[in-house]
Amino acid sequence: MLEVRNITKRFGNLVAVKDVSMSVKTGELRAIIGPNGAGKTTFFNMISGYFPPTKGSILFQGRDVTQVSAHQRVGLGMGRTFQITEVFPELTVHENVLTAAEVAAGQTLRMLPSRADAKLANDVASEMLALVGLAAKADRLVGELSHGDQRTTEIAMALAQLPRLLLLDEPTAGMGDQETYEITALIRRLHKERNYTIVLIEHDMRVVFHLADYITVLDQGALLAEGRPDEIAASEAVQAAYLGESR
Amino acid sequence: MSSEAGTNAAVVGAGRTPAVPRWVMLIAVWAILIAVPYWLPLLGGYTALAGRVLVFGLAAMGLNLLLGFTGVLSFGHAAYFGLGAYGAGLTLRYLAHSTPLAMLLGTLLGGLAGTLFGLLIVRRRGVYFAMCTIAFGQLWYYLAYSWNDFTGGFDGLRDFHREPIGLGGLTLDITDGGNRFYFFLLAVFALAVGLLGLLVRSPFGHTLRAIRENERRARFLAIPVERQIWLSFSISCFFTALAGTLYALLNNFADPLALHYSLSGYFVVMCVMGGMRTFWGPLVGATVFVVLQDYISSMTVNWMSFVGAIFVLVVLFFPRGLLGMRGRRGSA
Chain L
1 MLEVRNITKR FGNLVAVKDV SMSVKTGELR AIIGPNGAGK TTFFNMISGY
51 FPPTKGSILF QGRDVTQVSA HQRVGLGMGR TFQITEVFPE LTVHENVLTA
101 AEVAAGQTLR MLPSRADAKL ANDVASEMLA LVGLAAKADR LVGELSHGDQ
151 RTTEIAMALA QLPRLLLLDE PTAGMGDQET YEITALIRRL HKERNYTIVL
201 IEHDMRVVFH LADYITVLDQ GALLAEGRPD EIAASEAVQA AYLGESR
Chain Z
1 MSSEAGTNAA VVGAGRTPAV PRWVMLIAVW AILIAVPYWL PLLGGYTALA
51 GRVLVFGLAA MGLNLLLGFT GVLSFGHAAY FGLGAYGAGL TLRYLAHSTP
101 LAMLLGTLLG GLAGTLFGLL IVRRRGVYFA MCTIAFGQLW YYLAYSWNDF
151 TGGFDGLRDF HREPIGLGGL TLDITDGGNR FYFFLLAVFA LAVGLLGLLV
201 RSPFGHTLRA IRENERRARF LAIPVERQIW LSFSISCFFT ALAGTLYALL
251 NNFADPLALH YSLSGYFVVM CVMGGMRTFW GPLVGATVFV VLQDYISSMT
301 VNWMSFVGAI FVLVVLFFPR GLLGMRGRRG SA
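In order, the protein sequence lines correspond to chains L and Z.
Following the UniProt record's numbering, the numbering of the first sequence begins with 1 at its first residue and continues without gaps.
Following the UniProt record's numbering, the numbering of the second sequence begins with 1 at its first residue and continues without gaps.
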């Protein structure tokens, strides 16, 4: 599904990501973790196409997308959410998700409402709202919702574009325990029941170890470890890196 | 952000149910507009005043597609209004005695000028965009102002008048200023506004609102932001130009002031005063504006100071415009 080959990113003299590779299979949930400053976000931004790597290449479904722009990658089937909530606050939840569905269905130039097409996009939007559990709040303005519900709306927007790969940038950032629990349950459901392939960055280790099939650990821009959660938990190198951070 | 604060916000928000259902609003608007010739004289008004409201209302509603629904400010829409007016006037005077042809050519002139100009400025944002639109608008003003032989210069373009419209065997005589011409204006207005309403509710319209709400997010949804803004600008110019052709027909006259940037400012004032996030807001704004102008300018030449004071009051007490109070969704 996603094949990252030896990518490096330099910002001037700073090497933010150094020769990292990663291979994500269809149906897998991969978490990227690491101490602060490990290069997680830089790594993630290269996958989503926010900026290209200095060296190395990225393959998505066998196609080289290294130089493909972020919004073109959306068109190829990469859906993403952001670390900072990015929604359309003065539109309703349903309108947020519907717009995403319409864009994905290639209707950006359709200037008259057509019943058949409208139903298609509407059905996708309704389905995704039901899937993430926001159907009851569909007619509320997103700007008035809780932080957790706004983030969930974002996930529904990404889903409405019918992605093959879902990229989640710190899905529980800024959330309380209850909201974290709910969003974790949602991601687990998307993964287990709907077989979405998911790559996420996450700080909350409970969430990571609860969700991930495989974990990629970065430290100081380099790949430190890779493996199943139990292997990572047992890894001395990983423990050292995290302890080193607290020292 | 703590989750507690978030939960509170969720409880406080009352949702969007508008105070008046949409169909009630629609019936009310059209009933009031159709009945104008019967109730307006009772209030001491005259039908031509209502005609002005429709013309400026349409121009402001056209601008509002860009301003309220796309979130892009143009301070130069008088250019397209004026080009529409001059296009219609010049057609009637030099080309053919045909009202429909005058409207068609006037609308095309204003709309295409906007479409071409839009290509140049679509990457500008905010104040830079607005400044570009003013500059381009003033260009046409000075052209009309100085080209005496062709446009009549400062005195305006005269010696043309609206012609009866042939409809197969029937002839619609709109040459007198009576109710028949008002209903003609209303029919054109209704068609144009109906189109605008469909546009706003289409997937295209949804992408415009998305751009208004969060341009960065819109880009990451793979919405081609520049192209959509350009289209929104162009379409908005076509509607404003159409209003301009009606203005020329209404007055049998086109003057350089129809191109002047101060009129562009009035259009923006109409949108903001009426409620630019609502569909009908600009019409309400235009009504207030035109009626005040008519009423106060008969008493003092400084009518603009009064309109300005009222504008400030509206902005202070109705920050979302007069119709914005009606709940968020005025979009028809």
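Glycine is no exception: its CB is placed at the ideal position from the N, C-alpha and C atoms.
Once the 5 residues before and after residue i are set aside, which same chain residues still bring their CB inside 8 Å of it?
i, result
"Gly34 of chain L", "Lys40, Val217, Leu218, Asp219, Leu224, Ala241"
"Ala14 of chain Z", "Note that Ala14 of chain Z has pLDDT 37, beneath the 50 cutoff, so the model's placement of it is unreliable and the number below is only indicative. For Ala14 of chain Z, where only same-chain residues beyond five positions count, there are no Cβ hits under 8 Å."
"Asp230 of chain L", "none"
"Val12 of chain Z", "For Val12 of chain Z, the predicted model reports a pLDDT of 34, less than 50, meaning its position is unreliable and no value from the coordinates is stated."
Between which residues of its own chain and residue i is the CB-CB distance below 6 Å, once the five residues before and five after are set aside?
i, result
"Gly79 of chain L", "Ala158, Gln161, Pro163, Leu166"
"Ala135 of chain L", "Leu129"
What are the boundary residues of the alpha helix (DSSP H) that residue i is part of?
i, result
"Thr47 of chain Z", "47-67"
"Ile121 of chain Z", "99-121"
"Thr92 of chain L", "It is not in any alpha helix (DSSP H) - Thr92 of chain L carries neither H nor E in the DSSP assignment."
"Asp294 of chain Z", "281-297"
"Gly152 of chain Z", "Taken as a continuous stretch (DSSP letters only), Gly152 of chain Z belongs to no alpha helix (DSSP H), as it is neither H nor E."
To the nearest angstrom, report how far apart residue i and residue j are at their CA atoms.
i, j, result
"Arg16 of chain Z", "Ala138 of chain L", "Bear in mind that a pLDDT of 48 at Arg16 of chain Z, under 50, signals an unreliable position, so the model cannot answer this."
"Leu120 of chain L", "Trp23 of chain Z", "25 Å"
"Phe56 of chain Z", "Gly87 of chain Z", "17 Å"
"Val142 of chain L", "Thr133 of chain Z", "33 Å"
"Val20 of chain Z", "Ala185 of chain L", "39 Å"
"Tyr266 of chain Z", "Met205 of chain L", "58 Å"
"Gly274 of chain Z", "Pro282 of chain Z", "5 Å"
"Ala10 of chain Z", "Arg140 of chain L", "Note that Ala10 of chain Z scores a pLDDT of 34, beneath 50, so its modelled location is shaky; the value from the coordinates is reported in the next line. Between Ala10 of chain Z and Arg140 of chain L, the C-alpha separation is close to 9 Å."
"Ile187 of chain L", "Arg30 of chain L", "12 Å"
"Asn148 of chain Z", "Leu250 of chain Z", "23 Å"
"Leu14 of chain L", "Thr42 of chain L", "12 Å"
"Phe189 of chain Z", "Val315 of chain Z", "27 Å"
"Trp39 of chain Z", "Thr92 of chain L", "39 Å"
"Ala116 of chain L", "Leu65 of chain Z", "25 Å"
"Thr175 of chain Z", "Met131 of chain Z", "39 Å"
"Tyr128 of chain Z", "Phe233 of chain Z", "15 Å"
"Glu215 of chain Z", "Gly205 of chain Z", "14 Å"
"Glu226 of chain L", "Ile232 of chain L", "7 Å"
"Ala16 of chain L", "Arg219 of chain Z", "26 Å"
Compare the C-beta of residue i against all C-beta atoms of chain L and say whether one is closer than 8 Å.
i, result
"Ile223 of chain Z", "yes"
"Phe75 of chain Z", "no"
"Arg328 of chain Z", "Low local confidence applies: a pLDDT of 48 at Arg328 of chain Z is under 50, so the model's placement there is unreliable, and no value is given."
"Arg125 of chain Z", "no"
"Ala10 of chain Z", "Note that Ala10 of chain Z scores 34 on pLDDT, short of 50, meaning its location in the model is unreliable; the coordinates nonetheless yield the value given after this. It does; some Cβ of chain L falls within 8 Å."
"Asn179 of chain Z", "no"
"Leu65 of chain Z", "no"
"His206 of chain Z", "yes"
"Glu213 of chain Z", "yes"
Could you confirm whether any beta carbon from chain Z is found closer than 8 Å to the beta carbon of residue i?
i, result
"Gly133 of chain L", "no"
"Val217 of chain L", "no"
"Thr108 of chain L", "yes"
"Met111 of chain L", "yes"
"Phe88 of chain L", "yes"
"His203 of chain L", "no"
"Thr172 of chain L", "no"
"Gly75 of chain L", "yes"
"Val93 of chain L", "no"
"Leu98 of chain L", "yes"
"Val103 of chain L", "yes"
"Ala70 of chain L", "yes"
Within the same chain, show all residues whose beta-carbon is closer than 7 Å to that of residue i, passing over the 5 residues directly before and after it, in chain order.
i, result
"Thr107 of chain Z", "Gly84, Phe238, Ala241, Leu242, Thr245"
"Phe51 of chain L", "Asn45"
"His210 of chain L", "Thr184"
"Gly177 of chain Z", "Ala48"
"Gly174 of chain L", "His147"
"Pro37 of chain Z", "Thr47, Asn179, Tyr182"
"Thr26 of chain L", "Met1, Thr197"
Can you give me the start and stop residues for the beta strand (DSSP E) that residue i sits inside?
i, result
"Gly79 of chain L", "78-80"
"Met22 of chain L", "14-24"
"Ser57 of chain L", "55-60"
"Tyr214 of chain L", "214-219"
Three CB pairs or more closer than 8 Å across the region 246-260 of chain Z and the region 77-84 of chain Z: Yes, they touch.
Does the region 167-186 of chain Z come within contact of the region 44-60 of chain Z, defined as at least 3 CB pairs closer than 8 Å? They touch, by the three-pair rule.
Contact between the region 112-131 of chain Z and the region 231-240 of chain Z (3+ Cβ pairs under 8 Å): yes
Contact between the region 5-13 of chain L and the region 51-67 of chain L is defined here as three or more beta-carbon pairs at a separation below 8 Å; is this criterion met? A contact exists between the region 5-13 of chain L and the region 51-67 of chain L.
Can we say the region 301-317 of chain Z touches the region 279-293 of chain Z, given the rule of at least three CB pairs closer than 8 Å? yes
Count the CB pairs spanning the region 122-131 of chain Z and the region 222-236 of chain Z that are closer than 8 Å, and state whether there are at least three. yes
Can we say the region 206-216 of chain Z touches the region 59-72 of chain Z, given the rule of at least three CB pairs closer than 8 Å? yes
Kindly confirm or deny that the region 89-101 of chain Z and the region 150-169 of chain Z touch, where touching means at least three C-beta pairs closer than 8 Å. yes
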